[in-house]
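J.:
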């Protein structure tokens, strides 16, 4: 377990923890949110699931061949089911890797917990460089909020 490798011991106060991830890192963050009951965070360009990404990239239903079946929609459902949560998603409209429609799906699925910020002309690997002010403000907002 990553927490043990980091030397985390005992119970963590999940109300003080936040997630921040980009692309595949968003999936890792949502897994950590499940494990540590984290209810707040910021995600950049997440996908809905590796199954959907396989279909998007190849046009074929190859999801069953994918070893790691990350399902960000299911993780957000779990977050919402635990109680109040707040996740801000940033996604560029010109993302060449993950379609912005995937973030729209995630936001529509969990309207109470997720706020989507679409960045006009934003691309996959430059979103954090071209929108530092907006992302920093979201991180500050998430950092100050508590449930």
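Numbering (the working numbering), first residue to last: 28 to 174. All C-beta atoms, glycine included, are put in the ideal place defined by N, C-alpha and C.
#1: Grab me the residues of residue 155's own chain with a C-beta within less than 8 Å of its C-beta, minus the 5 sequence neighbours each way, in chain order.
#2: Out of curiosity, what's the CA-to-CA distance linking residue 121 and residue 66?
#3: Using beta-carbon positions only, say whether residue 125 and residue 151 come within less than 8 Å of one another.
#4: Distance check for residue 158 and residue 136, CA to CA, integer angstroms please.
#5: Could you tell me the alpha carbon to alpha carbon distance between residue 80 and residue 74, rounded to whole angstroms?
#6: Does the beta-carbon of residue 96 have 16 or more other beta-carbons within 10 angstroms, so that it is buried, or is it exposed?
#7: At what residues does the alpha helix (DSSP H) containing residue 46 begin and finish?
#8: Classify residue 57 as helix, strand or coil using the three-state DSSP reduction.
#9: Can you tell me whether DSSP reads residue 118 as helix, strand or coil?
#10: Decide if residue 77 is buried, meaning its Cβ has at least 16 other Cβ atoms within 10 Å, or exposed.
#11: Identify the residues that DSSP records as bridge partners of residue 141: which are they?
T.: With the structure as the only source:
#1: Position 128 of the chain shown, counted from the start, is the residue given in the question as residue 155. Only 49, 71, 162 meet the Cβ criterion.
#2: Here residue 121 is taken as the residue at index 94 of the chain shown, counted from 1. Here residue 66 is taken as the residue at index 39 of the chain shown, counted from 1. Between residue 121 and residue 66, the C-alpha separation is close to 29 Å.
#3: As a working mapping, residue 125 is identified with position 98 in the chain shown. As a working mapping, residue 151 is identified with position 124 in the chain shown. In this structure, residue 151 lies closer than 8 Å to residue 125 by Cβ.
#4: The residue labelled residue 136 in the question sits at position 109 within the chain shown. The residue labelled residue 158 in the question sits at position 131 within the chain shown. The alpha-carbon of residue 136 is positioned some 25 Å away from that of residue 158.
#5: Locating residue 80 in the chain shown gives position 53, counting from the first residue. Locating residue 74 in the chain shown gives position 47, counting from the first residue. When rounded, the distance between both Cα atoms is 7 Å.
#6: Here residue 96 is taken as the residue at index 69 of the chain shown, counted from 1. By the 10 Å Cβ count, residue 96 comes out exposed.
#7: Counting from one through the chain shown, the residue named residue 46 turns up at place 19. It is not in any alpha helix (DSSP H) - residue 46 instead sits in the beta strand (DSSP E) that spans 46-49.
#8: Taking the first residue of the chain shown as 1, we reach residue 57 at position 30. Of the three classes helix, strand and coil, the one that applies to residue 57 here is helix, per DSSP.
#9: As a first step, residue 118 is located in the chain shown; it is residue number 91 there, counting from the start. DSSP places residue 118 in strand when its eight states are reduced to three.
#10: Locating residue 77 in the chain shown gives position 50, where the first residue counts as 1. Buried, because 16 or more other Cβ atoms sit within 10 Å of the Cβ of residue 77.
#11: Locating residue 141 in the chain shown gives position 114, where the first residue counts as 1. According to DSSP, residue 141 bridges with 114.
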